[in-house]
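Q:
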Amino acid sequence: AQKITQTQPGMFVQEKEAVTLDCTYDTSDQSYGLFWYKQPSSGEMIFLIYQGSYDEQNATEGRYSLNFQKARKSANLVISASQLGDSAMYFCAMRDSMEYGNKLVFGAGTILRVKS
Amino acid sequence: DAGITQSPRHKVTETGTPVTLRCHQTENHRYMYWYRQDPGHGLRLIHYSYGVKDTDKGEVSDGYSVSRSKTEDFLLTLESATSSQTSVYFCAISEFNTEAFFGQGTRLTVV
């Protein structure tokens, strides 16, 4: 069963506007972590933001915030004030704390294009 | 930046030949992983390691083997390369319950 679902294969956003990238997950565990990574066209994987399942507040890192809705099992990434350099592939990932191996499971990704 | 290096960065090989990709870290992280990236699939875990000589299979392990004889090195071997193994391969490292850091990736083409 797919554990991480990113339903938006591609998104467009106007420069300086905010954009939300969707991520839903599936787990029966109570303890887990959610991650977002950015992959620009150059190919490297860049860690953006982390949310723990027990964290009461949504995580924020600069222009990135994670809209964590536990009951809905969603962990959407919000990018505020989009910049041209935000154009990239974005991956949502989850780690189940109860699963052996400390493994990350990734979604299929969303390609974001920022228009000037 | 985390000290993690993959080699080679690009490789073209023929069907049926063995291929070994190397991942080297200088961070002394316990966990190491090999993922492959294919369009529409995101990153899928091939094998992972939780210590020297401790390895286990991921979701797409068929046709691959790994070895970790030192903390810093994690080798991925394609025993007999097939065209379906044409992909971009990423190595990653992490400590327990922290984010993973990724290498630059290896683009492998099997012809």
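Protein sequence lines, in the order shown, are assigned to chains B and Y.
Heads up: take any position in the first sequence, counting from 1, add 929, and you land on our numbering.
Heads up: take any position in the second sequence, counting from 1, add 407, and you land on our numbering.
Glycine included, every Cβ here is placed at the ideal spot set by N, Cα and C.
Remember, it's a predicted structure, so these values are computed and weren't measured experimentally.
On the criterion of 16 or more Cβ atoms from any shown chain inside 10 Å, does Phe1035 (chain B) qualify as buried, or is it exposed?
A: Mapped onto the first sequence, residue 1035 (chain B) falls at position 106. Buried is the call here.
Q: Based on Cα-Cα distance, which residue from Y:Tyr496, Y:Leu485, Y:Ile453 lies nearest to Thr513 (chain Y)?
A: Counted from its first residue, the second sequence places residue 513 (chain Y) at position 106. Closest by alpha carbon: Y:Tyr496.
Q: Can you tell me whether Leu1013 (chain B) is buried or exposed? The criterion is at least 16 other CB atoms within 10 Å of its CB, across all chains shown.
A: Residue 1013 (chain B) sits at position 84 when you count from the first residue of the first sequence. Exposed.
Q: Is DSSP giving Leu1006 (chain B) helix, strand or coil here?
A: Your numbering for residue 1006 (chain B) matches position 77 in the first sequence. Reduced to three states, the DSSP call for Leu1006 (chain B) is strand.
Q: Report the rounded CA-to-CA distance for Trp965 (chain B) versus Val426 (chain Y), giving the unit in angstroms.
A: As a working mapping, residue 965 (chain B) is identified with position 36 in the first sequence. As a working mapping, residue 426 (chain Y) is identified with position 19 in the second sequence. When rounded, the distance between both Cα atoms is 31 Å.
Q: Please name the residue or residues paired with Val459 (chain Y) in a DSSP beta bridge.
A: What you label residue 459 (chain Y) is simply residue 52 of the second sequence in a count that begins at 1. Val459 (chain Y) pairs with nothing; no bridge assigned.
Q: Within 8 Å (strictly less), CB to CB, does Asn1031 (chain B) reach chain Y?
A: Sequence index remark: in the first sequence, residue 1031 (chain B) carries index 102 (1-based). Yes, its Cβ sits closer than 8 Å to a Cβ of chain Y.
Q: What is the DSSP secondary structure of Leu483 (chain Y), counted as helix, strand or coil?
A: Here residue 483 (chain Y) corresponds to residue number 76 of the second sequence, with the count starting at 1. Residue state, collapsed to three classes: strand.
Q: Have a look at Glu479 (chain Y) and His448 (chain Y) and give me their C-alpha separation to the nearest angstrom.
A: Here residue 479 (chain Y) refers to the residue found at position 72 when the second sequence is read from its first residue. Here residue 448 (chain Y) refers to the residue found at position 41 when the second sequence is read from its first residue. Taking the straight line from one Cα to the other gives about 28 Å.
Q: To the nearest angstrom, how far is the alpha carbon of Ala499 (chain Y) from that of Arg1042 (chain B)?
A: Residue mapping note: residue 499 (chain Y) aligns to position 92 of the second sequence, counting from 1. Residue mapping note: residue 1042 (chain B) aligns to position 113 of the first sequence, counting from 1. Distance between the alpha carbons of Ala499 (chain Y) and Arg1042 (chain B) is about 26 Å.
Q: Just checking, does the region 468 to 478 of chain Y make contact with the region 979 to 987 of chain B on the three C-beta pairs under 8 Å criterion?
A: The region 468 to 478 of chain Y, when compared against the region 979 to 987 of chain B, does not touch it at the 8 Å Cβ threshold.
Q: Could you please give me the residues that DSSP links to Cys430 (chain Y) through a beta bridge?
A: As a working mapping, residue 430 (chain Y) is identified with position 23 in the second sequence. DSSP output for Cys430 (chain Y) lists Y:Gln413, Y:Phe481 as bridge partner(s).
Q: Hey, how far is the Cα of Gln998 (chain B) from the Cα of Asp955 (chain B)?
A: For the purposes of this step, residue 998 (chain B) is taken as the residue at position 69 of the first sequence. For the purposes of this step, residue 955 (chain B) is taken as the residue at position 26 of the first sequence. Roughly 13 Å between the two C-alpha positions.
Q: CB-CB under 6 Å to Ser414 (chain Y), same chain, minus the five flanking residues each way: which ones, in chain order?
A: The count along the second sequence starts at 1 and reaches residue 414 (chain Y) at position 7. Cβ neighbours of Ser414 (chain Y) beyond the five flanking positions: Arg429.
Q: For the region 501 to 515 of chain Y, enumerate the residues whose C-beta is nearer than 9 Å to any C-beta of chain B, in chain order.
A: Cβ contacts with chain B: Ser501, Glu502, Phe503, Asn504, Thr505, Glu506, Ala507, Phe508, Phe509, Gly510, Gln511, Gly512, Arg514.
Q: Could you confirm whether any beta carbon from chain Y is found closer than 8 Å to the beta carbon of Ser1045 (chain B)?
A: Here the question's residue 1045 (chain B) lines up with position 116 in the first sequence. For Ser1045 (chain B), the answer is no, since every Cβ of chain Y falls outside 8 Å of its Cβ.
Q: Are the CB atoms of Tyr438 (chain Y) and Leu452 (chain Y) within a distance shorter than 8 Å?
A: Residue numbering aside, residue 452 (chain Y) sits at position 45 when the second sequence is read from its first letter. Residue numbering aside, residue 438 (chain Y) sits at position 31 when the second sequence is read from its first letter. It is not a contact, given that the beta carbons lie outside the stated cut-off.
Q: Using the Cα positions of Ser476 (chain Y) and Leu482 (chain Y), report the straight-line distance between them to the nearest angstrom.
A: Locating residue 476 (chain Y) in the second sequence gives position 69, counting from the first residue. Locating residue 482 (chain Y) in the second sequence gives position 75, counting from the first residue. Those two C-alpha atoms are separated by around 9 Å.
Q: What span of residues does the beta strand (DSSP E) with Leu950 (chain B) cover, start to end?
A: Position 21 of the first sequence, counting from 1, holds the residue named residue 950 (chain B). Where Leu950 (chain B) is concerned, the enclosing beta strand (DSSP E) stretches over 948 to 950.
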